[in-house]
Amino acid sequence: METAVFLDSPTLDTATLDALTSGKALIARVRRYTPAQVCADIVPALLHHLDRAAGATSRIYRSNVGTFSEAQKDTEALARYRSRAVDTLRAVRASCAPYASPVDRLRCELDEIWPAGSQLLRHDGAPLVFGMLRIWQDGAHALPHMDILARAAPRVPEAHHFTGQLGVNLFLQVPAGHDDGLLQLWDVDPYTVDRTDHGVAGTYGYRRDLLGEPAVSLAPRTGDLVLLRSDRVHAVTPTHHGRRVTLSGFIGYADPPAPLRLWS
Ligand SMILES: O=C(O)CCC(=O)C(=O)O
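For the sequence shown, the numbering used here assigns the number 492 to the initial residue and increments by one for each residue that follows.
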């Protein structure tokens, strides 16, 4: 099978998801998925929401809510996460008004194009957040890493339902610097690298010197939707000039008839 790695797709459609889930492509971009004017209008309201969000966190980036994989490590953190999830989804929706939230549009379109539909991932019946707000600035970056829920949350039964996982990012603002906030991806899967040999001690990252040049180094533009195989090594270069603002999450998939499951 030939892997094209990068796919530029005019719309989000079944063929795009098929290419990603089958491994024919590892990263796909839909340009201008969110109109630039909508991005410009909703970013200030989303930042305002972030400043007031009860569950706001600041780790790699600033966010209105922690990730589910972090929250599930601790009983109290998980209870707080669950109690705030619906309010968080609603606050993002309200911040985008009078526009439809790009995350809600994405949720609808995924439901329409995947044969078995799409829904929020639930943990013990409680919906998880999909579409966390992430603000990358002041040098914020992500080391080369993979995101696989079954590895991050092995005790969560839902994590084991998937045959693969996509990362999804709606770009609402991008930094000015030429090399700022690039999304890089290597065609390297969990079976070819392991933490013992390839990990950077004391971090979640993998060693760049062993990875070589990335297969894709993408400079997202305002409004772009980018989906990637999060079970391939990927990284984000530092944002020094301005702000990189995304609404981000994950899509877990298994062969239809299983619905897609969404979380952040
Ligand atoms: O923001 C991006 O471009 C990718 C974020 C990322 O590395 C991730 O979601 O794991």
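Using N, Cα and C, we set each Cβ at its ideal position, and we do this for glycine too.
- Burial of Ala582 is indicated by the presence of at least 16 other C-beta atoms within 10 angstroms of its C-beta.
- According to the DSSP assignment, Gln528 belongs to the alpha helix (DSSP H) that extends over Ala527 to Arg543.
- Using a 10 angstroms sphere on the CB of Asp638, the tally of other CB atoms reaches 16 or more, which defines it as buried.
- Annotation for Val665: Gly672, Pro711, Arg712, Thr713 and Arg735 place their beta carbon closer than 7 Å to its own, counting only its chain and skipping 5 residues before and after.
- The C-alpha of Gln675 lies about 8 Å from the C-alpha of Pro635.
- Leu663 and Ile551 do not touch by the CB rule: their CB atoms are close to 18 Å apart, not below 8 Å.
- The straight-line gap separating the alpha-carbon atoms of Val724 and Asp680 is approximately 7 Å.
- Taken from the Cβ of Asn660, at least one heavy atom of ligand 1 lies inside 8 Å.
- Under a 10 Å Cβ-count criterion, His540 is classified as buried, with 16 or more other Cβ atoms of the shown protein chains found around its own Cβ.
- Exposure of Ser549 is indicated by the presence of fewer than 16 other C-beta atoms within 10 angstroms of its C-beta.
- In the DSSP assignment, Met623 is bridged to Ser739.
- Each residue's CA atom was taken as its position, placing Arg699 and Phe741 some 24 Å apart.
- The three-state reading of DSSP puts Ile604 in helix, counting H, G and I together.
- In the structure shown, Tyr744 adopts extended strand secondary structure according to DSSP, grouped into three states.
- Burial of Ala726 is indicated by the presence of at least 16 other C-beta atoms within 10 angstroms of its C-beta.
- For Ala710, there is no enclosing beta strand (DSSP E), as DSSP gives it neither H nor E.
- Excluding residues up to 5 positions away in sequence, Pro750 lie with their Cβ nearer than 6 Å to the Cβ of Gln610 in the same chain.
- Cβ atoms of Leu619 and Leu612 come within 8 Å of each other, at about 5 Å.
- Counting every other CB atom within 10 Å of its CB across the protein chains shown gives Ala576 a total of 16 or more, marking it as buried.
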